[in-house]
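See below for the structure under consideration.
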Amino acid sequence: MALIKTSILLFYRRIFLPHTSFSIIIAVLITTIWLWAIATTLTAFLLCHPFPYNWGVGEGTCGNRVANFVVNGAINMLTDASMLVLPLPYIFTLQMGVWKRLGVATWFCLGVL
1 MALIKTSILL
11 FYRRIFLPHT
21 SFSIIIAVLI
31 TTIWLWAIAT
41 TLTAFLLCHP
51 FPYNWGVGEG
61 TCGNRVANFV
71 VNGAINMLTD
81 ASMLVLPLPY
91 IFTLQMGVWK
101 RLGVATWFCL
111 GVL
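Okay, structure coming up:
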């Protein structure tokens with residue numbers, strides 16, 4: 001998932017290159033996404049102790065998997081929403097008609113589907 005989000009953000013950066021503040025926001029968002037992806041992977045593997053107990057082998061304990069899934073889902077939705085809203089201010093400053101700007105914004109927002 002982090003690779004897909006990174007490719008979309010790099011595409012945004014390529015389109016909106018002259019805006020340096022936009023590039024900084026994208027760099028921060030990419031860093032956040034990758035740190036979160038690493039943390040999620042480590043949490044998934046280290047939630048149960050000892051490690052083979054992930055598959056029910058032997059004796060051990062596991063952390064709260066439901067809470068882990070809920071937090072991961074919430075963070076993914078937050079990063080998705082931020083990626084969706086990120087280009088909109090720049091789209092609405094384009095020098096074109098209102099309907100064309102709405103059309104371009106609609107194409108960017110189709111990522112929700």
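Going by UniProt numbering, 17 is the number at position 17 of the sequence shown; the sequence numbering is gapless.
Every residue, glycine too, gets a C-beta built ideally from N, C-alpha and C.
Just confirm the distance between the C-beta atoms of Arg-101 and Leu-110, as a whole number of angstroms; I'd bet it's less than 8 angstroms. Residue mapping note: residue 101 aligns to position 101 of the sequence shown, counting from 1. Residue mapping note: residue 110 aligns to position 110 of the sequence shown, counting from 1. At roughly 15 angstroms, the Cβ-Cβ gap does not stay under 8 angstroms, so Arg-101 and Leu-110 are not in contact.
Buried versus exposed call for Ile-91 [16 or more other C-beta atoms within 10 Å across all chains shown]: For the purposes of this step, residue 91 is taken as the residue at position 91 of the sequence shown. Buried: at least 16 other Cβ atoms inside 10 Å.
Candidates Phe-16, Thr-6 and Phe-11: closest to Pro-89 by CA position: Position 89 of the sequence shown, counting from 1, holds the residue named residue 89. Cα-wise, what sits closest to Pro-89 is Phe-16.
Cα-Cα separation, Ala-27 to Pro-50: In the sequence shown, the residue the question calls residue 27 occupies position 27. In the sequence shown, the residue the question calls residue 50 occupies position 50. About 37 angstroms.
Measure how close the beta-carbons of Ser-23 and Arg-13 come, nearest whole angstrom, since I'm counting them as under 8 angstroms. Translated into positions along the sequence shown, residue 23 becomes position 23. Translated into positions along the sequence shown, residue 13 becomes position 13. The beta-carbon separation of Ser-23 and Arg-13, rounded to 6 angstroms, stays under the 8 angstroms limit for a contact.
8 angstroms Cβ shell around Ser-82 - same chain, five flanking residues per side excluded: Locating residue 82 in the sequence shown gives position 82, where the first residue counts as 1. Here the set comprises Leu-29.
Cα-Cα separation, Thr-61 to Tyr-53: Position 61 of the sequence shown holds residue 61. Position 53 of the sequence shown holds residue 53. Between Thr-61 and Tyr-53, the C-alpha separation is close to 7 angstroms.
Assuming Ile-33 contacts Thr-106 under a Cβ cut-off of 8 angstroms, what Cβ separation, rounded to an integer in Å, is found between them? Position 33 of the sequence shown, counting from 1, holds the residue named residue 33. Position 106 of the sequence shown, counting from 1, holds the residue named residue 106. Ile-33 to Thr-106, Cβ: 25 angstroms. No contact.
Below 7 angstroms between beta carbons: does that hold for Thr-43 and Asn-76? For the purposes of this step, residue 43 is taken as residue 43 along the sequence shown, with counting starting at 1. For the purposes of this step, residue 76 is taken as residue 76 along the sequence shown, with counting starting at 1. No, these two residues do not count as a Cβ contact at 7 angstroms.
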